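Quick notes on the structure that follows.
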Amino acid sequence: MKAALIGAGQIARQHLTCLQTLPGVELTAICDLSPATAEAAAERYGIRAWFTDHRAMLEKARPDVVHVTTPPTSHFRLAMDSFDAGAHVIVEKPATSTFEELEALVRRAQEGGRHVIEDHNYVFNRAPQEILRRIKSGEFGAVTHVEVLICLDILGPNGFADPNSPHPALTLAGGAIADFLPHLASLAHRFVGPHRTAQTVWTKRKPSPLPFDEFRGIVDGERGTAALSFSSSSQPDALWLRVYGERMQATANLFETRLTFDGPRNVPKPLRPFLSGLAEGKAIRRAALATLLRKFKGPGTYEGLWELLTRTYRALADGSGLPVTASDVLEVNRMVEALKPREQRP
Amino acid sequence: MRALVTGANGFLGRHVVAALLARGVEVRAMVRPAARLEALGWPSCVEIFRADLRTSRELARAFEGVDVLLHLAAVVSGGEDAQFAGTVVATERLLDAMASSACRRLVLCSSFSVYDYSSTHRTLDEGSPLHPVPDVYTRDGYTIAKWWQERVTRRFAEQQGWNLAVLRPGFIWGRDHGYLAALGQQLGRHHLVIGPLTRIPMTHVENCADVFALAAADPRAGDQTLNVVDGPGERIWSYLSDHMRGSGQPGWRLPIPYWLAIGTVRLAFATVFRRATKVPSILIPRRFESRLKPLHFENRRLRETLGWTPPFDYKQCLARTYGPAAPR
């Protein structure tokens, strides 16, 4: 299967490193507006051809799959051109700037018998997958509620809040936080299904070029409720996922490898918290070591992206079910739309 | 003569501006939009041009009436991709703009980091090998960005027929920049001094700035590649001692022979870390060598080409770095 990539920036590195490890996948071409960026990526990953014009790349390389890893406002145009060239599209989140564009994109994919896969990477990290496995086996019980909280300092001068060069994400409704809504929504969607209603609070605590730096949302999903949050001020950085089931509860930090479960124990009731605490402590100590070791090698926090790409290519090759379907993409982004602020500023 | 200086408010840039003014060169200083310049005390004759090389659309205007470009801007912190974008893509955009102007001369600030220390023995000079492809991509983000910046600039200069001088400074030191990566490994207030008798390829920022101003004005610098060091360099042990005394930072110094340190790093890299490249730079043998390998450094070509001698000797540089600040 021939793969090509448009936009050789930071996240592209994860796509390319993973693609190098996938059997039966050949990285045939890469494109970036900057010739040096494209050529450097081609040299680094042993890619035969590099381009600065994506249409020339699509025409010459004829890829089966195109990864779109450019800033979000260009996704729609590049994905549409890739469909025209007969390729499947794996697109970074958010897939498009507006929901109308996404609907047009999905329609075009279906008309051409192609697929559009949005990167819902955290869903495929080991911790959520283990929780989903226990839910499927019945051990966890039905999910009643899920909490996802991203604590991330995005107010530093070198990223979203760069005072010299406005970050492309600031053009999205909600600004930089909008870049993280697909993470929140994709995790919520996986555990409680499509949303019926959503209520949000968007605020700004500190002076910065960002329109908002705090977000809270409550979602009423088809199978349960979700509390989704983003905090630029709470430290240290973390991505907390808490899932509440009828028999068990799970807590994970997706920036690390920490995952703990609390559930029924076959012991006298007063001893349950004590034994649960011991078990939790053991799991946390193990995770601390695993988190340290994964810093040396491998995808680290991006383990979910690698898993998603592995499953996607396997599904495309053998025609089995995709890990992220078109309806997943539409439902997640419908939730994202419901979470966006009504005003551009608080 | 009018010079456009990118990165003009940086550590080296502010001294280059002063050195150009001292030679009677008119200066247009390119700085980022949010840069604060009050503390620099630039005279009113310095023309300020605010732009961000990564995104500004009006870069061509910066070259109006300019005879020579001194390109010093580079991103030296942040992740590998941020450094590549801020150094290499920025250079592509700047030189695209220059190609539409009448300016035909440029002086590039490159770096010793482009040299492949691992393949260099005894003496490192302008003829020493550069990092080969694809090995260069196993180096740190700064090295990759500077290597690519020089590559991009040489390609532009060749295509456009420009007169290009590439200056490769060693470790630049000066006020508030006395601690150098070449000094080994800092552990709190204390120091592991790896190869205490190794000489450091170093240039004081004011001496280095003088070379840039000279290269901008002197046609003999055209089409030359010149290493910029003040001389053979101080030994790590004695420079660290001067630095600790000058900066008033007490601490212990533990000397470790270079061969013992590199041997340990190589062994750990092959066994404990299993050739992982995400460990700290000092634990990766090739990056370790780029910081600490004992080599002989000289500035013969710089002296012979431009007749340059450093305006300040080591003692004067120490005084200018650690003594009372000169009034503006």
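Line by line, the protein sequences give chains A and B. Going by the working numbering, the letters in the first sequence line up with residues 29 to 374, in that order. Going by the working numbering, the letters in the second sequence line up with residues 12 to 339, in that order. Backbone N, C-alpha and C fix where the C-beta goes; we use that ideal spot for every residue, glycine too. Fair warning: this is a prediction, and the values are worked out from it, not measured in the lab.
{"query": "Just curious, the alpha helix (DSSP H) that residue 310 (chain A) is in, first and last residue?", "result": "300–321"}
{"query": "Are the stretch 86–93 of chain B and the stretch 52–62 of chain B touching, with three or more C-beta to C-beta distances below 8 Å?", "result": "no"}
{"query": "Using a C-beta to C-beta distance shorter than 7 Å, which residues of chain B count as neighbours of residue 324 (chain A)?", "result": "284, 287, 289 and 290"}
{"query": "Give the residues from the stretch 33–52 of chain A that approach chain B closer than 8 Å (Cβ to any Cβ), ordered along the chain.", "result": "37, 38 and 41"}
{"query": "Could you tell me whether the Cβ atoms of residue 340 (chain A) and residue 145 (chain A) are closer together than 7 Å?", "result": "yes"}
{"query": "Kindly indicate which three-state DSSP category residue 208 (chain A) falls into: helix, strand or coil?", "result": "coil"}
{"query": "Do residue 257 (chain B) and residue 333 (chain B) have their C-beta atoms within less than 7 Å of each other?", "result": "yes"}
{"query": "Please confirm if the stretch 58–70 of chain B is in contact with the stretch 29–44 of chain B, defined as three or more CB-CB distances below 8 Å between the two stretches.", "result": "yes"}
{"query": "With respect to the alpha helix (DSSP H) encompassing residue 166 (chain B), which residues constitute its N-terminal and C-terminal limits?", "result": "152–171"}
{"query": "Would you decide whether residue 186 (chain A) is buried or exposed? Buried here means 16 or more other CB atoms lie within 10 Å of its CB.", "result": "exposed"}
{"query": "For residue 373 (chain A), I'd like the list of residues in its chain whose CB is within less than 6 Å of its CB, leaving aside the five on either flank, ordered along the chain.", "result": "239"}
{"query": "When the Cβ atoms of the stretch 200–213 of chain A are set against those of the stretch 361–368 of chain A, are three or more pairs found closer than 8 Å?", "result": "yes"}
{"query": "Taking the C-alpha atoms as reference points, what is the distance between residue 272 (chain A) and residue 334 (chain A)?", "result": "27 Å"}
{"query": "Across which residues does DSSP place residue 59 (chain A) in a beta bridge pair?", "result": "A:34 and A:79"}
{"query": "By Cβ distance below 6 Å, which residues in the same chain neighbour residue 276 (chain A) in space, the five residues on each side in sequence not counted?", "result": "168, 289 and 291"}
{"query": "Do residue 208 (chain B) and residue 246 (chain B) come within 7 Å of each other at the CB atom, strictly closer than that value?", "result": "yes"}
{"query": "For residue 213 (chain B), I'd like the list of residues in its chain whose CB is within less than 8 Å of its CB, leaving aside the five on either flank, ordered along the chain.", "result": "181, 182, 183, 184, 191, 193, 240, 241, 244, 245 and 250"}
{"query": "Check each residue of the stretch 63–93 of chain A: if its Cβ is closer than 8 Å to any Cβ of chain B, include it; give the result in chain order.", "result": "63, 64, 65, 68, 71, 72 and 74"}
{"query": "In three-state DSSP terms, what is residue 296 (chain B)?", "result": "helix"}
{"query": "Using the DSSP secondary-structure output, state which residues sit across from residue 290 (chain A) in a beta bridge.", "result": "A:277"}
{"query": "Are the C-beta atoms of residue 102 (chain A) and some chain B residue less than 7 Å apart?", "result": "no"}
{"query": "Find the nearest neighbour of residue 348 (chain A) within the set A:166, A:202 and A:143, judged by alpha-carbon distance.", "result": "A:143"}
{"query": "So with Cβ pairs under 7 Å, would you call residue 192 (chain A) a contact of chain B?", "result": "yes"}
{"query": "Does the CB of residue 143 (chain B) have a neighbour CB from chain A at under 7 Å?", "result": "no"}
{"query": "With a threshold of 7 Å on Cβ separation, who are the neighbours of residue 155 (chain B) within its own chain once the five nearest residues in sequence on each side are excluded?", "result": "91, 95, 147 and 148"}
{"query": "So which residues of chain A does residue 66 (chain B) contact, with C-beta pairs closer than 9 Å?", "result": "192, 193 and 194"}
{"query": "When you compare the CB positions of residue 46 (chain A) and residue 337 (chain A), do they come within less than 7 Å of one another, or not?", "result": "yes"}
{"query": "Determine whether the Cβ of residue 186 (chain A) lies closer than 7 Å to any Cβ atom of chain B.", "result": "yes"}
{"query": "Tell me residue 40 (chain B)'s beta-bridge partners as DSSP assigns them.", "result": "B:16 and B:59"}
{"query": "Determine the contact status of residue 14 (chain B) and residue 31 (chain B), defining contact as a CB-CB distance below 7 Å.", "result": "yes"}
{"query": "Do you know offhand how far residue 282 (chain A)'s Cα is from residue 318 (chain A)'s?", "result": "13 Å"}
{"query": "Between the stretch 42–74 of chain B and chain A, which residues of the former have a C-beta closer than 7 Å to a C-beta of the latter?", "result": "43, 44, 45, 63, 65 and 66"}
{"query": "Quick check on this structure: which residue in B:143, B:49, B:108 and B:118 has the alpha carbon closest to the alpha carbon of residue 130 (chain B)?", "result": "B:143"}
{"query": "Return the residue from the list B:331, B:205 and B:188 that minimises the CA-CA distance to residue 304 (chain B).", "result": "B:205"}
{"query": "For chain A, check one thing: does any of its Cβ atoms lie closer than 7 Å to the Cβ of residue 172 (chain B)?", "result": "no"}
{"query": "For residue 38 (chain B) and residue 74 (chain B), what's the separation of their Cα atoms in angstroms?", "result": "12 Å"}
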